[in-house]
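Residue numbers (this note's numbering): 15 to 244.
Take a look at the structure below.
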Ligand SMILES: Cc1cc2nc3c(=O)[nH]c(=O)nc-3n(C[C@H](O)[C@H](O)[C@H](O)COP(=O)(O)OP(=O)(O)OC[C@H]3O[C@@H](n4cnc5c(N)ncnc54)[C@H](O)[C@@H]3O)c2cc1C
């Protein structure tokens with residue numbers, strides 16, 4: 015089965031100090047919002063047919079272990095996480111003949127140079143939002159990573175990427191030789207076998223993958239019922 019077409023969404027964050035939430039200062043304190051309560055989808059380039067960036071808020075500092083020691087991480091902070099549908103492709107390969115051998119997983123982060131450019135644009139836009147007049151009453155001090163040279167920001171991105179846990183596409187739907195299932199989830203060339211999970215997505219989604227997987231499951235149930243009932 016093909017394992018070549020992997021999509022991996024990635025996250026990078028910008029963290030901003032928030033005003034202290036002490037007694038008498040409640041009016042200047044950023045409201046406690048649930049993770050992901052505010053989200054936005056947008057394009058890093060005008061020629062894209064759909065958004066490739068997905069930003070959501072986190073009411074806490076959010077830095078990777080690699081980035082955190084290089085910055086003063088405030089106790090009170092909020093972050094923007096930038097989820098991205100990348101151009102880079104990873105690969106999953108078999109490590110042995112035994113089905114229980116753990117596969118080799120190469121995420122291929124930033125393999126396509128366009129991804130670095132897109133995420134840097136994402137960081138710049140999030141910094142702009144963090145500095146906007148609407149958020150000023152809730153913000154104190156600078157954001158992380160702050161200004162910085164191109165190489166410093168690049169280092170922040172390279173050290174700040176984490177998985178979005180949206181691995182998909184190892185058995186993608188399509189008509190070409192490398193695709194695995196057809197439009198009714200049937201495995202090409204194998205009778206009586208369907209696949210109904212994130213692996214059939216032709217490309218990773220920009221937003222979260224759980225809801226698309228529910229739709230895939232519902233479609234699979236509908237196809238089975240249709241065939242059973244004629
Ligand atoms: C840490 C984490 C956080 C996430 N957060 C979010 C989120 O907030 N929002 C969101 O939309 N998405 C989120 N996702 C992504 C989302 O959960 C997945 O994309 C989605 O669950 C994939 O669905 P699936 O059906 O392809 O696979 P799964 O949900 O992994 O289902 C596979 C099922 O197959 C079972 N299974 C495996 N092997 C066998 C076997 N040999 N025999 C029988 N059963 C077997 C497993 O136990 C499992 O129940 C997150 C993922 C992770 C890992």
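Where is the CB? At the ideal position from N, CA and C, for every residue including glycine.
Could you give the residue range of the beta strand (DSSP E) that holds residue i?
i: residue 97; result: 91-98
i: residue 106; result: 105-107
i: residue 120; result: 118-120
i: residue 69; result: 67-72
i: residue 54; result: 53-56
Would you call residue i buried or exposed, if buried means 16 or more other Cβ atoms sit within 10 Å of its Cβ?
i: residue 100; result: buried
i: residue 97; result: buried
i: residue 220; result: buried
i: residue 141; result: buried
i: residue 179; result: exposed
i: residue 107; result: exposed
i: residue 18; result: Residue placement at residue 18 cannot be trusted, given a pLDDT of 35 that sits under 50; the coordinates are not used to answer.
i: residue 232; result: exposed
Could you tell me the distance, in whole angstroms, from the CA atom of residue i to the CA atom of residue j?
i: residue 184; j: residue 236; result: 23 Å
i: residue 187; j: residue 202; result: 10 Å
i: residue 230; j: residue 224; result: 10 Å
i: residue 135; j: residue 168; result: 11 Å
i: residue 75; j: residue 67; result: 20 Å
i: residue 92; j: residue 228; result: 31 Å
i: residue 153; j: residue 181; result: 35 Å
i: residue 129; j: residue 244; result: 47 Å
i: residue 171; j: residue 160; result: 12 Å
Could you tell me the boundaries of the alpha helix (DSSP H) in which residue i lies?
i: residue 170; result: 164-174
i: residue 198; result: Neither: residue 198 is in no alpha helix (DSSP H) and is coded neither H nor E.
i: residue 237; result: 224-243
i: residue 136; result: 127-144
When you compare the CB positions of residue i and residue j, do they come within less than 8 Å of one another, or not?
i: residue 126; j: residue 102; result: yes
i: residue 105; j: residue 115; result: no
Is the closest heavy atom of ligand 1 to the C-beta of residue i under 7 Å?
i: residue 58; result: no
i: residue 115; result: no
i: residue 211; result: yes
i: residue 86; result: no
i: residue 98; result: no
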